[in-house]
Structures are given as C-alpha cells and as structure tokens.
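In short: position in the sequence shown from 1, add 12, done, that's our numbering.
Don't be surprised by glycine CBs; every beta carbon is placed ideally from N, CA and C.
Notes to accompany the following structure.
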Amino acid sequence: MSLPSQVRLIEVGPRDGLQNEAQPISVADKVQLVDALSAAGLGYIEVGSFVSPKWVPQMAGSAEVFAQIQRKPGVTYGALAPNLRGFEDAIAAGVKEVAVFAAASEAFSQRNINCSISESLARFAPIMEAAKQHGVTVRGYVSCVLGCPYEGTVAPEQVAMVARELYAMGCYEVSLGDTIGTGTAGATRRLFEVVSAQVPREKLAGHFHDTYGQAMANIYASLLEGISVFDSSIAGLGGCPYAKGASGNVATEDVVYLLNGLGIKTGIDLDALIAAGQQISAVLGRPSGSRVAKARSAQ
13 MSLPSQVRLI EVGPRDGLQN EAQPISVADK VQLVDALSAA GLGYIEVGSF VSPKWVPQMA
73 GSAEVFAQIQ RKPGVTYGAL APNLRGFEDA IAAGVKEVAV FAAASEAFSQ RNINCSISES
133 LARFAPIMEA AKQHGVTVRG YVSCVLGCPY EGTVAPEQVA MVARELYAMG CYEVSLGDTI
193 GTGTAGATRR LFEVVSAQVP REKLAGHFHD TYGQAMANIY ASLLEGISVF DSSIAGLGGC
253 PYAKGASGNV ATEDVVYLLN GLGIKTGIDL DALIAAGQQI SAVLGRPSGS RVAKARSAQ
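What follows is the structure, given as structure tokens:
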C-alpha cells in the first residue's frame, strides 16, 4: 500500500499531555500554548477535559481556557467528555467536538474507570444522543491496544470489537492508543489489518506513546497500512496517570519532521511548532522531549 499524500495530526498536548503533570499549570499558560499551536498550523487541538478535578487536577479550568483562546477559523478545538455531565459542561463552554474513551483491556477498564468495557460503552449512549441533538461530533479513543500494564498482550480481535462498537454508536473516527508504548511495527501492522476488517481504515487513527522508543516506527508502519490520522503531543508531553511507567506521547515536532521527510503534507510550520514546544517546556522547567527540538537547539 502506498503512503498517503497528506496526514492530519490531532494535537493532544494541552489535554493528554498536561494532564499527567505534577505541578499546577495556569489557565494563562494553557491558553498561550493553544494559541501557539493554532498559529503553527495545527488543524485539530484537544484543548482540555471536562472531568472531575478530583480525578484529573490539571484539567481544572478547561472552561476558562476555552473562553480565552483565540479560535482560528478552520481549526477544531476538542475536549474529552467521558460522561453526560462532562458533555454538558463542554457544550456550555462552546465545544463543538468531544472525545470519549474505552479500553481494550478489561483489567485496565476496571482500574481506570471502575467498570467493565461493556459498561463503559453503555455509558456513552446518552452522550451520543445528546451530541446528535446539539450537532456535536464525537471522536472515540481505544486505550491499551498493543499491551496492558495489568494483562500484558491484548488480542487485536478484542481491540476490533471495542473499535467497532464505538464506530457503530456514532464516533466518526476511532483512535487506537498504545497506552504503555510497548507496541512494535509488526504488531502495529497486524493490529490495523484486523481492526480495519471491522472499521474502515479512513475512520481509524493511531495514538502512540514512546515508552520503548517505538512510536516513530509504529507511525511509519501505520502509514504503510494506509492510516493518515495520528495523535501527537507537543514536546512529547504526557503519559497516562493510570498506567504506571507509560512515558510521553510521541512528540508532534518529531512526527512533522518524519512526514516532511517523506514528502507528506501536514500544513504545519515546524519552526513555529518547535518554538511552541520550547515555550511550554520552559513553563514546566525542563527541556523539550522532542528529539528534533533537541537536535535543532544543539546546532
């Protein structure tokens, strides 16, 4: 299969990236980050999450962030809304697209959201109905698609079942997440081969963590499988607060550099992206996790 000519990147740094930080991050710094990402040419930015601050303290203030960002025409500003209350709060904040998530691992589902996979999917029914009424689009996430911290290997057929359910209930796109970053290129290709028998490839996305240094290889493997949408995080921010040892998402800067080298269009300004990553890294008091940014700064 030939490589896609264009790739759409879903920037998850402001949500999936910052949610794992230990130190408080101000609304002003979050707004500055989102605006910098918009200016760099990102077409989709996951701005925040409407969950209880008790469970994810860093996502407190998401409504204020949405109220203060400079919304650029043509850019989607999404948010995670795992339940109906979160959805209602997102709508009140002017969110036009939300995301819901389910796990491909029963053990992870129980540890993460205290219910089974089937129960978690059932909880999304009222969200999907409300989304139709409000004209809001819904994107789905499946976590632990290439491994679980509690169960180990996860069968591709199990991932396909969860992805099929999310797609059938109305998620226009389903992102498959290697939450603990243990996946390899061969397993990634097999995963998309199996899942695409249930959900069309053009409705699938890849979400790779770089815990084992395999994220870039897995993205290239996904490209070979015809996947043209990827989640990535500025400066490699993130991880998973419910998956011990899961390090950051793949850095957006590194993915753009890879795609540029392959002649694949993204519409993203790499220099502006690196600057945005360095800016938020300075706020966090550490160097950017992007290898490309590190290499550029060393020149």
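The alpha helix (DSSP H) enclosing residue i, as first and last residue numbers
i    : result
T264 : 264-273
V166 : Taken as a continuous stretch (DSSP letters only), V166 belongs to no alpha helix (DSSP H), as it is neither H nor E.
G289 : 282-296
F120 : 118-125
A310 : 303-310
N230 : 227-236
Straight-line gap, residue i to residue j (C-alpha atoms, nearest Å)
i    : j    : result
L216 : V112 : 15 angstroms
T196 : P16  : 21 angstroms
I81  : L54  : 14 angstroms
V186 : A175 : 6 angstroms
A93  : A227 : 26 angstroms
S121 : A310 : 42 angstroms
S293 : S128 : 37 angstroms
A284 : S130 : 42 angstroms
V241 : R201 : 15 angstroms
Y179 : S61  : 21 angstroms
P69  : Q35  : 10 angstroms
Y254 : S132 : Because Y254 carries a pLDDT of 48, less than 50, the predicted location of this residue cannot be relied on, and no value is offered for it.
L203 : C160 : 15 angstroms
V211 : A172 : 8 angstroms
K42  : D243 : 19 angstroms
L282 : L188 : 25 angstroms
A72  : P65  : 5 angstroms
T223 : T194 : 7 angstroms
K277 : V268 : 9 angstroms
I139 : F99  : 7 angstroms
S234 : S155 : 16 angstroms
A137 : M181 : 7 angstroms
R27  : I246 : 11 angstroms
Q291 : L45  : 8 angstroms
G273 : A142 : 42 angstroms
N124 : A114 : 10 angstroms
F220 : N126 : 24 angstroms
R364 : S300 : Any question about residue 364 goes unanswered here, given that the chain covers just 13 to 311.
N95  : V110 : 11 angstroms
S38  : I57  : 18 angstroms
V157 : V24  : 18 angstroms
M13  : G218 : 17 angstroms
Coil, strand or helix - residue i by DSSP
i    : result
D41  : helix
T200 : helix
K215 : helix
G152 : strand
E100 : helix
F136 : coil
S300 : coil
Q70  : helix
Q35  : coil
Y254 : Below a pLDDT of 50, predicted positions are generally treated as unreliable, and Y254, at 48, falls in that range; the measurement from the model is reported next regardless. Looking at Y254 - three-state DSSP - the assignment turns out to be coil, as it is neither helix nor strand.
Strand pairing of residue i, partner residues [DSSP]
i    : result
I57  : E23, Y89
A142 : A142 is not bridged to any residue.
F113 : Y153
K108 : BP columns for K108 are empty, so no partner.
N261 : H221
K277 : Q18
Limits of the beta strand (DSSP E) - the one that residue i falls within
i    : result
S74  : Run containing S74: none in the beta strand (DSSP E); it sits in the alpha helix (DSSP H), 74-80.
L188 : 185-190
S244 : 241-244
Distance cut-off 7 angstroms: residue i Cβ against heavy atoms of the ligand ADP
i    : result
A115 : For the structure depicted, the ligand ADP is absent and the ligand set is empty, with no information on it obtainable.
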